[in-house]
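S.K.: Each position in the sequence shown, counted from 1, maps to that position plus 33 in the numbering used here.
Beta carbons are placed, not taken as given, at the ideal position from N, Cα and C, and that holds for glycine.
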Amino acid sequence: MCGICGQFNLEPEHTVEKEPLKRMKHSLAHRGPDDQGIWMKGQIGLGHTRLAVIDLTANGHQPMSNETGSIWITYNGEVYNFQDLRKELESKGHHFRSNSDTEVIVHLYEEEGIQCMTRLRGMFAFAIWDENTKQLLLARDRLGQKPLYYYKDKQSLFFASEIKSILASGMVEISPDNEAMYQYLCLGYVPHPKTGFKGIKKLPPGHRLIVRDSHFSLDSYWSLKEDH
Numbered sequence: 034m035c036g037i038c039g040q041f042n043l044e045p046e047h048t049v050e051k052e053p054l055k056r057m058k059h060s061l062a063h064r065g066p067d068d069q070g071i072w073m074k075g076q077i078g079l080g081h082t083r084l085a086v087i088d089l090t091a092n093g094h095q096p097m098s099n100e101t102g103s104i105w106i107t108y109n110g111e112v113y114n115f116q117d118l119r120k121e122l123e124s125k126g127h128h129f130r131s132n133s134d135t136e137v138i139v140h141l142y143e144e145e146g147i148q149c150m151t152r153l154r155g156m157f158a159f160a161i162w163d164e165n166t167k168q169l170l171l172a173r174d175r176l177g178q179k180p181l182y183y184y185k186d187k188q189s190l191f192f193a194s195e196i197k198s199i200l201a202s203g204m205v206e207i208s209p210d211n212e213a214m215y216q217y218l219c220l221g222y223v224p225h226p227k228t229g230f231k232g233i234k235k236l237p238p239g240h241r242l243i244v245r246d247s248h249f250s251l252d253s254y255w256s257l258k259e260d261h
């Protein structure tokens with residue numbers, strides 16, 4: 034279990050501030066006792082707390098980038114077929130500096146773009162920032178084993194593994210969602226995309242959220258009916 038968080042400002046000239054991102058990251062310390070990291074550049078900031086499982090060395094530090102620093106990821110999960118994917122990517126000329134499944138996702142994104150998650154077999158939630166296209170990609174595994182929440186307003190998008198991380202930013206208005214409360218009392222849980230807070234949503238299982246400029250695109254990349 035790791036923790037991921039981040040902030041994306043829709044206006045390029047609106048730079049991310051470090052202190053709110055640090056608060057978001059620190060609130061997830063219990064999810065990743067082995068390491069913590071922040072990467073920021075202009076309008077984007079990514080945070081990570083790490084529970085080292087596959088690559089126990091410092092090479093697995095996150096947020097992680099490709100060789101040129103044009104693709105960055107913060108990732109929580111485990112990809113069971115990462116070794117097969119790595120061999121395929123190495124045959125295409127990709128070079129690795131760690132033994133982590135995280136780096137496999139980075140290079141797979143370089144090769145296949147936003148379709149990369151369709152090749153992954155496992156449980157995951159991640160955010161990928163593409164410096165070349167100024168695009169942010171959020172994705173969650175097919176059955177939603179790994180959590181991912183987000184909040185957006187006219188200025189920014191916040192995301193995290195836990196709701197309290199979004200609230201820890203101090204930049205999100207806190208108010209209850211009465212409809213979600215009603216759903217919980219009737220059903221015993223809150224169906225996605227709602228949570229108990231207005232404006233804070235769960236990314237549905239098997240979905241990806243793409244943000245570019247000020248445009249948001251949420252779509253399903255997998256469904257049980259289509260998987261034969």
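Throw me the rounded Cβ distance for the I233 and L169 pair, which I believe falls under 8 Å.
M.R.: Translated into the one-based positions of the sequence shown, residue 233 becomes position 200. Translated into the one-based positions of the sequence shown, residue 169 becomes position 136. Wrong, their Cβ atoms sit about 17 Å apart, outside the cutoff.
S.K.: Cutting at 6 Å between CB atoms, please list the residues of its own chain near L122, excluding the five before and the five after it.
M.R.: On the sequence shown, residue 122 is found 89 positions in, with the first residue counted as 1. These residues qualify, in order along the chain: H140.
S.K.: Indicate whether the contact test is met: 3 or more Cβ pairs, each with one atom in the region 212–221 and one in the region 58–73, closer than 8 Å.
M.R.: With a cut-off of 8 Å, the region 58–73 and the region 212–221 do not count as touching, because too few Cβ pairs lie within range.
S.K.: Report the three-state DSSP secondary structure of Y217 (helix, strand or coil).
M.R.: Numbered from its first residue, the sequence shown carries residue 217 at position 184. Reduced to three states, the DSSP call for Y217 is helix.
S.K.: Quick one, are the C-beta atoms of I37 and A193 less than 9 Å apart?
M.R.: In the sequence shown, the residue the question calls residue 37 occupies position 4. In the sequence shown, the residue the question calls residue 193 occupies position 160. A contact, by the Cβ cut-off of 9 Å.
S.K.: Taking the alpha-carbon positions, what's the L118 to G126 distance?
M.R.: Taking the first residue of the sequence shown as 1, we reach residue 118 at position 85. Taking the first residue of the sequence shown as 1, we reach residue 126 at position 93. Going by the C-alpha atoms only, they are around 13 Å apart.
S.K.: Quick one: what's got a C-beta closer than 6 Å to I243's C-beta in the same chain, skipping five residues either side?
M.R.: For the purposes of this step, residue 243 is taken as residue 210 along the sequence shown, with counting starting at 1. Hits under 6 Å: L170, S250.
S.K.: Going by the DSSP bridge assignment, what does C38 pair with across the sheet?
M.R.: Start at 1 with the first residue of the sequence shown, and residue 38 comes out as number 5. In the DSSP output, where bridge partners are listed per residue, C38 has G80, A193.
S.K.: Provide the residue span of the alpha helix (DSSP H) that contains Q116, from first to last.
M.R.: Residue 116 sits at position 83 when you count from the first residue of the sequence shown. Looking at the DSSP string, the run of the alpha helix (DSSP H) that includes Q116 is 115–124.
S.K.: Can you give me the Cβ contacts of E164 inside the same chain, cut-off strictly under 6 Å, excluding the 5 residues immediately before and after it?
M.R.: Along the sequence shown, one-based indexing puts residue 164 at 131. The residues are S103.
S.K.: Could you pull the start and end residues of the alpha helix (DSSP H) that L169 belongs to?
M.R.: Numbered from 1 along the sequence shown, position 136 holds the residue referred to as residue 169. Segment 168–173 is the beta strand (DSSP E) holding L169; no alpha helix (DSSP H) there.
S.K.: Straight-line CA distance for Q40 to S131?
M.R.: Your numbering for residue 40 matches position 7 in the sequence shown. Your numbering for residue 131 matches position 98 in the sequence shown. Whole-angstrom Cα-Cα distance: 26 Å.
S.K.: What separation, rounded to the nearest whole angstrom, lies between the Cα atoms of K120 and K187?
M.R.: For the purposes of this step, residue 120 is identified with residue 87 of the sequence shown, where counting begins at 1. For the purposes of this step, residue 187 is identified with residue 154 of the sequence shown, where counting begins at 1. Between K120 and K187, the C-alpha separation is close to 42 Å.
S.K.: What's the C-alpha gap between F129 and L89?
M.R.: Numbered from 1 along the sequence shown, position 96 holds the residue referred to as residue 129. Numbered from 1 along the sequence shown, position 56 holds the residue referred to as residue 89. Distance between the alpha carbons of F129 and L89: 15 Å.
S.K.: Check whether the Cβ atoms of D174 and P238 lie closer than 9 Å to each other.
M.R.: For this step, residue 174 is matched to residue 141 along the sequence shown. For this step, residue 238 is matched to residue 205 along the sequence shown. Against a cut-off of 9 Å, the Cβ pair of P238 and D174 comes out as a contact.
S.K.: Between the region 195–202 and the region 48–61, can you find at least three pairs of beta-carbon atoms closer than 8 Å?
M.R.: Segments in contact, yes.
S.K.: So, for F157: in the same chain, excluding its five sequence neighbours on each side, which residues have a beta-carbon less than 6 Å away from its beta-carbon?
M.R.: Counted from its first residue, the sequence shown places residue 157 at position 124. Taken in chain order, the residues that qualify are G110, D174, K179.
S.K.: Under the assumption that Y254 contacts H240 (Cβ atoms under 8 Å), give the Cβ distance between them as a whole number of angstroms.
M.R.: Counted from its first residue, the sequence shown places residue 254 at position 221. Counted from its first residue, the sequence shown places residue 240 at position 207. Between H240 and Y254 the Cβ distance is about 7 Å, and since that is below 8 Å, they are a contact.
S.K.: Whose C-beta lies closer than 6 Å to the C-beta of G177 among residues of the same chain, with five residues either side of it excluded?
M.R.: Position 144 of the sequence shown, counted from the first residue, corresponds to residue 177. The residues are P238.
S.K.: Rank P53, I106, T151, K231 by C-alpha distance to the C-alpha of D252 and give the top, closest one.
M.R.: Working through the sequence shown from its first residue, we reach residue 252 at position 219. Out of P53, I106, T151, K231, T151 has the C-alpha closest to the C-alpha of D252.
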